[in-house]
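*Asks:*
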Amino acid sequence: GIQVEQSPPDLILQEGANSTLRCNFSDSVNNLQWFHQNPWGQLINLFYIPSGTKQNGRLSATTVATERYSLLYISSSQTTDSGVYFCAAPLGGSQGNLIFGKGTKLSVKP
Amino acid sequence: DAGVIQSPRHEVTEMGQEVTLRCKPISGHDYLFWYRQTMMRGLELLIYFNNNVPIDDSGMPEDRFSAKMPNASFSTLKIQPSEPRDSAVYFCASSRGRSGTGELFFGEGSRLTVL
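In structure tokens form, the structure reads like this:
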């Protein structure tokens with residue numbers, strides 16, 4: 141099955157800084173999703189991004205499917221951005237359940 | 127829509143007791159997933175349904191675990207008998223179409239502690 145690897149595992153930022161989180165996947169996929177798990181444990185869907193670039197406020201994501209990676213950009217970080225960011229890709233490339241990476245734990249300091 | 131609704135939010139029980147977790151998916155979603163999250167193993171899929179039919183239950187740890195989806199708006203995950211190693215946060219999630227890989231929406235989770 142597909143392997144999903146995220147980097148860095150941990151990231152500490154000062155409020156206002158920018159950051160880039162990376163997700164590498166081992167096989168071709170037609171679907172890549174990013175999630176944020178806040179400190180209270182809620183898992184929120186951020187992006188459904190099989191290819192190209194999407195933006196939502198201070199967050200944006202880019203997936204380069206041919207090179208098997210996706211990037212999540214956080215600009216002007218805020219303390220509320222803290223939590224764990226997961227990427228997930230389909231086990232079978234185009235169908236079946238999603239396989240989650242181990243996540244990047246982000247801490248934004250005031 | 128109200129989103130994916132799970133109950134209970136917290137459950138503390140003693141080893142050997144039966145535990146039932148409940149989930150109401152988003153209306154119109156045809157896929158329902160049960161995940162378990164622990165520090166050691168991260169997020170792992172237990173089972174998923176398509177149109178109320180179980181498709182893949184290979185992630186269910188053992189026979190003590192069972193899941194049902196009697197209709198499109200309700201699913202249960204049952205553990206009987208429960209053991210301390212079952213302590214975890216159990217998430218239900220739902221999605222629509224795309225062979226099960228559509229945009230995934232999670233419930234708030236059920237935190238289970240087995241003493």
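Chains as they are written, first to last, in this note's numbering: chain W, 141 to 250; chain S, 127 to 241. Glycine residues also receive a C-beta, built at the ideal position from the N, C-alpha and C atoms.
Got a sec, what are the start and stop residues for the beta strand (DSSP E) leucine 203 of chain S sits in?
*Replies:* The sequence position of residue 203 of chain S within the second sequence is 77, counting from 1. Start and end: 200-205.
*Asks:* Below 7 Å on C-beta distance, what does tyrosine 188 of chain W contact in chain S?
*Replies:* Translated into the one-based positions of the first sequence, residue 188 of chain W becomes position 48. Within 7 Å Cβ-Cβ: Glu229.
*Asks:* Taking all protein chains shown into account, do 16 or more other C-beta atoms lie within 10 angstroms of the C-beta of isoleucine 177 of chain W, making it buried, or fewer, making it exposed?
*Replies:* Along the first sequence, one-based indexing puts residue 177 of chain W at 37. As written in the sequence, residue 177 of chain W is glutamine, which differs from the isoleucine given in the question. Buried, since its Cβ has 16 or more Cβ neighbours within 10 Å.
*Asks:* Contact between the stretch 187-196 of chain S and the stretch 212-229 of chain W: three or more CB pairs below 8 Å?
*Replies:* The stretch 187-196 of chain S vs the stretch 212-229 of chain W: no contact.
*Asks:* Which bits of chain W does aspartate 183 of chain S rub up against, with CB to CB less than 8 Å?
*Replies:* Counted from its first residue, the second sequence places residue 183 of chain S at position 57. None at all; the shortest Cβ gap to chain W is about 11 Å.
*Asks:* Can you give me the Cβ contacts of serine 213 of chain S inside the same chain, cut-off strictly under 7 Å, excluding the 5 residues immediately before and after it?
*Replies:* For the purposes of this step, residue 213 of chain S is taken as residue 87 along the second sequence, with counting starting at 1. Cβ neighbours of serine 213 of chain S beyond the five flanking positions: Leu238, Thr239 and Val240.
*Asks:* Assign asparagine 171 of chain W to buried or exposed, taking buried as 16 or more other Cβ atoms, counted over all protein chains shown, within 10 Å of its Cβ.
*Replies:* Position 31 of the first sequence, counting from 1, holds the residue named residue 171 of chain W. Counting Cβ neighbours within 10 Å, asparagine 171 of chain W comes out buried, since at least 16 surround it.
*Asks:* For chain C, is any of its Cβ atoms less than 9 Å away from the one on glutamate 234 of chain S?
*Replies:* Any reference to chain C falls outside this structure, whose protein chains are W and S.
*Asks:* Along chain W, which residues have their Cβ under 7 Å away from the Cβ of phenylalanine 191 of chain S?
*Replies:* By one-based count along the second sequence, residue 191 of chain S stands at place 65. Neighbours of phenylalanine 191 of chain S on chain W: none; closest Cβ ~16 Å, over 7 Å.
*Asks:* If you reduce the DSSP assignment to three classes, tell me which class glutamate 207 of chain W lands in.
*Replies:* Residue mapping note: residue 207 of chain W aligns to position 67 of the first sequence, counting from 1. Helix, per DSSP.
*Asks:* Measuring straight from C-alpha to C-alpha, what distance separates glutamate 144 of chain S and glutamate 188 of chain S?
*Replies:* Within the second sequence, residue 144 of chain S is the residue found at index 18, counting from 1. Within the second sequence, residue 188 of chain S is the residue found at index 62, counting from 1. Their Cα atoms are separated by approximately 15 Å.
*Asks:* Hey, could you find the ends of the beta strand (DSSP E) proline 134 of chain S is sitting in?
*Replies:* Residue 134 of chain S sits at position 8 when you count from the first residue of the second sequence. Element bounds for proline 134 of chain S: n/a, residue is neither H nor E.
*Asks:* Spell out the partners DSSP gives proline 180 of chain S in its beta bridges.
*Replies:* Start at 1 with the first residue of the second sequence, and residue 180 of chain S comes out as number 54. Looking at the DSSP assignment, proline 180 of chain S forms a beta bridge with S/Phe175.
*Asks:* Does DSSP classify aspartate 243 of chain S as helix, strand or coil?
*Replies:* Shown here, chain S extends from 127 to 241; a query on residue 243 of chain S therefore has no answer.
*Asks:* What residues in its chain sit with their C-beta under 7 Å from that of asparagine 185 of chain W, if we drop five residues either side in the sequence?
*Replies:* As a position in the first sequence, residue 185 of chain W is number 45, starting the count at 1. So the list reads Gln173 and Phe175, once near-sequence residues are dropped.
*Asks:* Could you work out which residue in S/Phe191, S/Gly168, S/Lys150 and S/Ile205 is closest to lysine 245 of chain W when comparing CA atoms only?
*Replies:* By one-based count along the first sequence, residue 245 of chain W stands at place 105. With distances taken between Cα atoms, lysine 245 of chain W lies closest to S/Gly168.
*Asks:* Using a beta-carbon distance cut-off of less than 8 Å, what residues from the stretch 192-213 of chain W approach chain S?
*Replies:* Taking 8 Å as the Cβ-Cβ cut-off against chain S, none of the residues of the stretch 192-213 of chain W qualify.
*Asks:* Name the two residues that bound the continuous beta strand (DSSP E) containing tryptophan 180 of chain W.
*Replies:* Residue 180 of chain W sits at position 40 when you count from the first residue of the first sequence. Segment: none, tryptophan 180 of chain W is in no beta strand (DSSP E) and carries neither H nor E.
*Asks:* Between the Cα of proline 148 of chain W and the Cα atoms of W/Cys163, W/Asn158, W/Glu207 and W/Gly156, which residue gives the shortest distance?
*Replies:* As a position in the first sequence, residue 148 of chain W is number 8, starting the count at 1. Ranking W/Cys163, W/Asn158, W/Glu207 and W/Gly156 by Cα distance to proline 148 of chain W puts W/Cys163 first.
*Asks:* What is the DSSP secondary structure of aspartate 150 of chain W, counted as helix, strand or coil?
*Replies:* On the first sequence, position 10 is the one that residue 150 of chain W refers to. Aspartate 150 of chain W falls in the strand class under three-state DSSP.
*Asks:* Using a Cβ-Cβ cutoff of less than 6 Å, which residues in the same chain neighbour phenylalanine 187 of chain W once the five nearest sequence positions on both sides are dropped?
*Replies:* Here residue 187 of chain W refers to the residue found at position 47 when the first sequence is read from its first residue. Same-chain partners within the cutoff: Trp174, Lys194 and Ala201.
*Asks:* Per DSSP, which residues does isoleucine 214 of chain W bridge with? Please list them.
*Replies:* Taking the first residue of the first sequence as 1, we reach residue 214 of chain W at position 74. Paired residue(s): W/Ser159 and W/Leu199.
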